[in-house]
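Protein chains in written order, with the working numbering: chain X, 1 to 365; chain V, 366 to 675.
Where a beta carbon is used, it is the ideal one built from N, C-alpha and C, also for glycine.
One structure is given here, and the rest of the page talks about it.
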Amino acid sequence: MRPRRIVADLKVFGRNYLRNAVGLFFSLIFPVILIGLFGLIFSAGGATTVTLYTQNFDAGSNVSAQFLSALNATGAVQVQLVGPTLNMSSWLGANGHPVGLVIPSGLGSAYLAHRPFAVTLYTNPTDAASSGIAYAAVNYVLTQFNLNASHGSTILFATTANVGSPLYKEIDYLVPGLIGFSILTSPMFAMVDISSTYRKEGLFRQLSLTPLTKGEWLTSKIIWYVLLTILSAALMIGMGVYYFGAHVTVSLEMLPFLVLGPFFFVSLGMFAGSIARTPESAAIIGNIITFPMMFLSGTFFPVSLFPPGLQTFARILPLYYVIDGLNQVMLFHNLAAAAVDLAVIGAASVVVFVLAIVAFQWRER
Amino acid sequence: MADAVHVRGLTKTYGSLAAVAGIDFAVPEGKVFAFLGPNGAGKTTTVEILEGLRRRSSGEVTVLGLDPWDDGRRLHAKVGVIPQEFRFFEKIHPVEAIEYYAALFGTRVDAMGLLRRVALEDKAGARFETLSGGQKQKLGLALALTNDPTICFLDEPTTGLDPQARRAIWQVIRDLRSEGRTVFLTTHYLEEAQILADQVAIIDHGRIIARGTPDEIIAQHGRPPRLRVQAGPGMAPYLREALGVTATFVDGYVEVPLPNKHEALRILSALEGSGVPWEGFATVTDTLEDVFVHLVGRMDDGVLKPGAPP
Ligand SMILES: Nc1ncnc2c1ncn2[C@@H]1O[C@H](COP(=O)(O)OP(=O)(O)OP(=O)(O)O)[C@@H](O)[C@H]1O
Ligand SMILES: [Mg+2]
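Here it is as structure tokens:
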């Protein structure tokens, strides 16, 4: 492996690639369009009432009963009482509820005595919409109560607290999922096509007359698709976060997946294209490999929502490990689980790289 | 002088087809060798075996002392190649292509100088896909030269080129020879082989049917020089009678063999005495093209049919 030759090949391949508008569209713009499309679908839930799970430790007082019915009367929230024994913060987190309210005992007596008193509103920053609605409704009602009792001086107020564990929305899953989607599709389709057209047009034979080796050539393709993946991941994260409020953590721990993903799929695409005899059969083999992974590895929907049988099937798809790894890093911050995914995709990449080098021939026999 | 290419008993079969059916030849170092033959004769098959792009079925092949298939990587450092249909990355410019090759081979080249040499400098910054067929061939030639090769294999380098471009390529080939490089050339243009080549081999149906310098081939397979006279058909029998020669009438001309220049005087005085009207006269000799048509026309199923005159 000579870096000089890899860089030379990378330059020519990259230029040829960038001068082709169609390739650029599919690898950079298309995933961003996808994320926009799905983001819009998922955020079009409409203005529904937010369920406000409430613990009332002041149930004996008239004031707390009036307070809750005033909240219901806003139409923005619907109070749903929950038992006094549970820990509100972790219960909300565990059950995926974005907002909750705790009324400590003594609200009624404090109000009547014009003594300052706080209720606690739990919100989830990852669901800004629900949190905002609940916050506005609670503060609106509190202000009315304060006006009635003391011409505006603050008696009752709300302190806010975060829900115990973060809550994930579709758009949060969609960002790693669609990064995985572009890690799969853009190298796979390109390499299947390249492997058959270069052979047909004699470009491999042409290259075989130079000192460039198959390993160097394939490495340069891998580097190119790693660069492209990082760029398109950045675009998708940007779109997801700034436009749809996705809550994903961007960290260096993502990088191994953004490298090994393209490494694996460039090699797999080359292997698939090389075992085919004609460009037509190459395309078919490529599609047979690609399509199940496009939908069943957690690209558009988290695998955890699948029926158990399909979840098991997802685990034999290499892309599952890339997307699960990205989820572990970007959403769950579970680096131990990410390391397992990394080991699987890393080992698979080495195997497929070697298979691809063996299968593809510069020269005819 | 050592041989740059040495071939003995070379065969290449595709199923039942013998694309190359046992050929022997050698290319001396520093010479231009032209491989001639009709379509499908086996030229490209042979060249690509020499380049290490195809595996031979049997026979001995060495190029610069190396086995092209097994030692391809070592050989390619010293070889320049234009394939019959040269293709490159569609969106890449000729200058970039040359710089790419130079980086791969680890050589320093003056890309513009090289493009000027093959008369392609005006297209230095054009995408490959926009080049004409001839311009693509020229880029192929420029790329073949980026690694300062000892031997060049040029498979029909001038096919499809206009006369001016063809002459530019001829000049490059002459320069390569004068720089001491060996050139292996395939062509359909007999004139080209006659002008450029030190050695020629004619291949048909996978077999070599003639070999040597152009003059040797003409001397061996061509007809002797003739005196050609523009005259009516009656002149031929008259000359046969008067001089005892094999005069023939073809396409408005009477042709008489001319073994030496003194014979011309005898023929001319016989013409004058014939009383048959005649116009101009000229001496004619066979070109390589005449020999080629004559030889290839006589080939059938790979077997040279003896005797039948053209
Ligand atoms: N890969 C192949 N598979 C089957 N037959 C082949 C293959 N390559 C060449 N042939 C056959 O071998 C014969 C010689 O072909 P080749 O390309 O060497 O001819 P050529 O002399 O270069 O002809 P041209 O002047 O048209 O380029 C032809 O009959 C051709 O059909
Ligand atoms: Mg040919």
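* CA-CA distance, X:L81 and X:L184? -> As a first step, residue 81 of chain X is located in the first sequence; it is residue number 81 there, counting from the start. As a first step, residue 184 of chain X is located in the first sequence; it is residue number 184 there, counting from the start. Linking X:L81 to X:L184 through their CA atoms gives a straight-line distance of about 46 Å.
* Residues that V:H570 bridges to, as DSSP identifies them -> Here residue 570 of chain V corresponds to residue number 205 of the second sequence, with the count starting at 1. For V:H570, which the question treats as bridged, DSSP gives no partner whatsoever.
* To do: Please look up how many angstroms separate the CB atoms of V:G395 and V:G545, rounded, as I've assumed it's under 8 Å.
  => Residue 395 of chain V sits at position 30 when you count from the first residue of the second sequence. Residue 545 of chain V sits at position 180 when you count from the first residue of the second sequence. With 8 Å as the limit, V:G395 and V:G545 qualify as a contact, their Cβ atoms being about 5 Å apart.
* To do: Kindly list, in the order they appear in chain X, the residues whose Cβ is closer than 9 Å to that of V:R677.
  => Beyond the ends of chain V as shown, which are 366 and 675, falls residue 677 of chain V; an answer cannot be given.
* **Own chain residues within Cβ distance below 6 Å of V:V594, not counting five before or after** => Within the second sequence, numbered from 1, the residue matching residue 594 of chain V stands at position 229. Counting only Cβ-Cβ distances below 6 Å, and skipping sequence neighbours, we find V619, W643 and F646.
* **Proximal residues, the segment 423-441 of chain V versus chain X, C-beta separation under 8 Å** => G437, R438 and H441
* So which of X:F271, X:V77, X:F145 and X:E216 has the shortest CA-CA distance to X:R115? -> For the purposes of this step, residue 115 of chain X is identified with residue 115 of the first sequence, where counting begins at 1. The option with the nearest alpha carbon to X:R115 is X:F145.
* May I ask you to verify whether the segment 490-507 of chain V touches the segment 519-536 of chain V, counting CB pairs closer than 8 Å and requiring at least 3? => yes
* Asked: Any idea if X:S182 is buried or exposed, counting beta-carbon neighbours within 10 angstroms, 16 or more meaning buried?
  -> Along the first sequence, read from residue 1 onward, the residue named residue 182 of chain X stands at position 182. Buried.
* Cβ pair V:A596, V:P579 closer than 9 Å -> The residue labelled residue 596 of chain V in the question sits at position 231 within the second sequence. The residue labelled residue 579 of chain V in the question sits at position 214 within the second sequence. Their beta carbons are not under 9 Å apart, which means V:A596 does not touch V:P579 by this criterion.
* **Cβ-heavy atom distance, V:A399 to ligand 1, below 8 Å** => Counting from 1 along the second sequence, the entry for residue 399 of chain V is found at position 34. No.
* **Local conformation of V:R576 per DSSP, three classes** => In the second sequence, counting from the first residue as 1, residue 576 of chain V sits at position 211. In the structure shown, V:R576 sits in a strand (DSSP, three-state: E or B).
* Three CB pairs or more closer than 8 Å across the segment 252-260 of chain X and the segment 218-230 of chain X -> Yes: the two stretches touch, three or more of their Cβ pairs being nearer than 8 Å.
* Asked: Are the beta-carbon atoms of X:A158 and X:V138 separated by less than 9 Å?
  -> On the first sequence, residue 158 of chain X is found 158 positions in, with the first residue counted as 1. On the first sequence, residue 138 of chain X is found 138 positions in, with the first residue counted as 1. Yes. Within cutoff.
* For the segment 341-354 of chain X, enumerate the residues whose C-beta is nearer than 7 Å to any C-beta of chain V, in chain order. => none
* To do: Assuming X:S131 contacts X:P98 (C-beta within less than 8 Å), just tell me the rounded distance between them.
  => Residue numbering aside, residue 131 of chain X sits at position 131 when the first sequence is read from its first letter. Residue numbering aside, residue 98 of chain X sits at position 98 when the first sequence is read from its first letter. Rounded, the Cβ-Cβ distance is 6 Å, consistent with contact.
* To do: Confirm, please, whether the CB-CB distance from V:V661 to V:G599 is below 9 Å.
  => Here residue 599 of chain V is taken as the residue at index 234 of the second sequence, counted from 1. Here residue 661 of chain V is taken as the residue at index 296 of the second sequence, counted from 1. Not closer than 9 Å, so no.
* Residue-level contact to chain V via CB, X:T278, 9 Å cutoff -> Looking up residue 278 of chain X in the first sequence gives position 278. Interface residue (Cβ-Cβ distance to chain V less than 9 Å): X:T278 is not classified as such.
* **Bounding residues of the beta strand (DSSP E) (the contiguous stretch that carries V:T552)** => Residue 552 of chain V sits at position 187 when you count from the first residue of the second sequence. Unbroken beta strand (DSSP E) run through V:T552: T547 to T552.
* So, is the C-beta of X:S182 closer than 9 Å to a C-beta in chain V? -> One-based indexing of the first sequence puts residue 182 of chain X at position 182. No - not a single Cβ of chain V is within 9 Å of the one on X:S182.
* To do: Kindly examine ligand 1 and report whether one of its heavy atoms sits closer than 8 Å to the Cβ of V:K408.
  => Position 43 of the second sequence, counting from 1, holds the residue named residue 408 of chain V. Answer for V:K408: yes, Cβ within range of ligand 1.
* **Own chain, CB closer than 7 Å to X:W217, minus 5 neighbours either side, in chain order** => The sequence position of residue 217 of chain X within the first sequence is 217, counting from 1. Only D9 and L207 meet the Cβ criterion.
* Could you work out which residue in X:F117, X:T213 and X:M191 is closest to X:N287 when comparing CA atoms only? => To locate residue 287 of chain X, count along the first sequence from 1; it is residue 287. The candidate whose alpha carbon is nearest that of X:N287 is X:M191.
* Do we get a CB-CB distance below 9 Å when we pair X:L228 with the residues of chain V? -> To locate residue 228 of chain X, count along the first sequence from 1; it is residue 228. It does not; no Cβ of chain V falls within 9 Å.
* Asked: Distance, Cα to Cα, X:A94 vs V:E455?
  -> In the first sequence, residue 94 of chain X corresponds to position 94, counting from 1. In the second sequence, residue 455 of chain V corresponds to position 90, counting from 1. Their Cα atoms are separated by approximately 56 Å.
* **Any chain X beta carbon closer than 9 Å to V:F454** => Position 89 of the second sequence, counted from the first residue, corresponds to residue 454 of chain V. Closer than 9 Å to some Cβ of chain X, the Cβ of V:F454 qualifies, so yes.
* Exposure label - X:M330; buried when at least 16 CB within 10 Å -> Along the first sequence, read from residue 1 onward, the residue named residue 330 of chain X stands at position 330. The C-beta of X:M330 has 16 or more other C-beta atoms within 10 Å across all chains shown, which makes the residue buried.
* To do: With hydrogens ignored, establish whether the beta-carbon of V:E654 is closer than 8 Å to any heavy atom of ligand 1.
  => The residue you call residue 654 of chain V lines up with position 289 of the second sequence. No, Cβ of V:E654 sits at least 8 Å from all heavy atoms of ligand 1.
* Along the chain, where does the beta strand (DSSP E) that runs through X:N56 open and close? -> For the purposes of this step, residue 56 of chain X is taken as the residue at position 56 of the first sequence. First-last of the beta strand (DSSP E) with X:N56: V50 to N56.
* Asked: Would the beta-carbon of X:Q206 be found less than 8 Å away from any heavy atom of ligand 2?
  -> Reading the first sequence from its first residue, position 206 is the one you call residue 206 of chain X. Checking the Cβ of X:Q206 against ligand 2 gives no.
* Closer than 9 Å, CB to CB, is X:E366 near chain V or not? -> Missing from the structure shown is residue 366 of chain X; chain X here goes from 1 to 365 and no further.
* DSSP-derived helix/strand/coil call for V:E425 -> Taking the second sequence and counting its residues from 1, the one referred to as residue 425 of chain V is at position 60. Looking at V:E425 - three-state DSSP - the assignment turns out to be strand.
* Could you name the residues of chain V that X:P211 contacts, counting a contact when the two beta carbons are closer than 8 Å? => Mapped onto the first sequence, residue 211 of chain X falls at position 211. Under the 8 Å cutoff, chain V gives R438, H441, A442, L469, F470 and G471.
* Asked: Listed from N- to C-terminal order along the chain, which residues in the segment 632-652 of chain V have their beta-carbon within a distance smaller than 7 Å of any beta-carbon of chain X?
  -> none
* **Beta-carbon contacts of X:G75 that lie in its chain and below 8 Å, excluding the five residues immediately before and after** => Counted from its first residue, the first sequence places residue 75 of chain X at position 75. Same-chain partners within the cutoff: T49.
* If we count the other Cβ atoms within 10 Å of its Cβ and call it buried at 16 or more, is X:A276 buried or exposed? -> Along the first sequence, one-based indexing puts residue 276 of chain X at 276. Per the 10 Å Cβ criterion, buried.
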